[in-house]
Amino acid sequence: MAIIKPYKGKYPKIHPTAFIAENTVIIGDVEIGEDCSIWYNVVIRGDVNYIRIGDRTNIQDGTIIHVDHKKYPTIIGKEVTVGHNVMLHACTIEDRCLIGMSATVMDGVVVGRESIIGAGSLVTPGKHIQPRSLWTGSPAKFKRELTEEEIKWLEKSYQNYIRYKNSYIDEL
């Protein structure tokens, strides 16, 4: 069973249609929206600031989400795909983005709508990623604007994870 605990009087709020894997840890001021999926070995720690995860977003296995106590919460928009082993710390990810496997997104970063952060990339503190762009590398740098085909693929990505989570709910 998932570990879901309050911290300093703040209880996680999880929409009833969300899938939460049994070894997930969710603590404190966290809100998880409709049709989200939070997969195995994920830690979401809203202890010293808040975390918001928008509808139809998927947070894949091994991801860690935390906040900054002074300035930055972590806000993840709607229809976002967060790949395996991602680190999101005190940042904002706007709607319908993809954060590639093992990427790190640091304090104060804003990833604009319909953008892709490549696998293994390090987005350094304070960067503002323009919408519909691809950033890769360590440190991450702008590579190019996304094509219309890639933007359509972002929609398929989150839709696939809604199907996966529904399948898991049916099976388990």
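Each residue of the sequence shown is one higher than the one before, counting from 574 in my numbering.
For every residue, glycine included, the Cβ atom is placed at its ideal position computed from N, Cα and C.
Check                                                                                                                                          : Outcome
Can you give me the start and stop residues for the alpha helix (DSSP H) that Y731 sits inside?                                                : E721 to E744
Beta-carbon separation of M679 and G656 under 8 Å?                                                                                             : no
Following the continuous beta strand (DSSP E) through M679, name the residue where it begins and the one where it ends.                        : Note, M679: premise wrong, no beta strand (DSSP E); not H, not E.
Does DSSP classify H701 as helix, strand or coil?                                                                                              : strand
Between A713 and chain D, is there a C-beta pair that is closer than 8 Å?                                                                      : Among the chains in the structure shown there is no chain D, since it carries only a single protein chain.
In whole angstroms, what separates the C-alpha of Q703 from that of E687?                                                                      : 9 Å
Got a sec, what are the start and stop residues for the beta strand (DSSP E) A663 sits in?                                                     : Neither: A663 is in no beta strand (DSSP E) and is coded neither H nor E.
So, with DSSP's three-state summary, where would you put D628?                                                                                 : coil
Need the endpoints of the beta strand (DSSP E) that A713 sits in, please.                                                                      : A713 to E718
The beta strand (DSSP E) that contains V615, what's its start and end?                                                                         : Careful: V615 lies outside any beta strand (DSSP E) and carries neither H nor E.
What's the C-alpha gap between V603 and E722?                                                                                                  : 33 Å
CA-CA distance, A575 and V598?                                                                                                                 : 6 Å
List the whole-angstrom C-beta distance separating H588 from C609, where the pair is believed to meet the contact cut-off of C-beta under 8 Å. : 7 Å
For V615, which option in R629, G627 and A594 has the closest C-alpha, if you only look at C-alpha atoms?                                      : A594
In the DSSP assignment, what are the bridge partners of V598?                                                                                  : I576 and V616
Rounding to the nearest angstrom, what Cα-Cα distance links G699 and A663 in this structure?                                                   : 10 Å
Check the DSSP bridge columns for S610 and list the partner residues they point to.                                                            : F592 and N631
According to DSSP, simplified to helix, strand and coil, what is E667?                                                                         : coil
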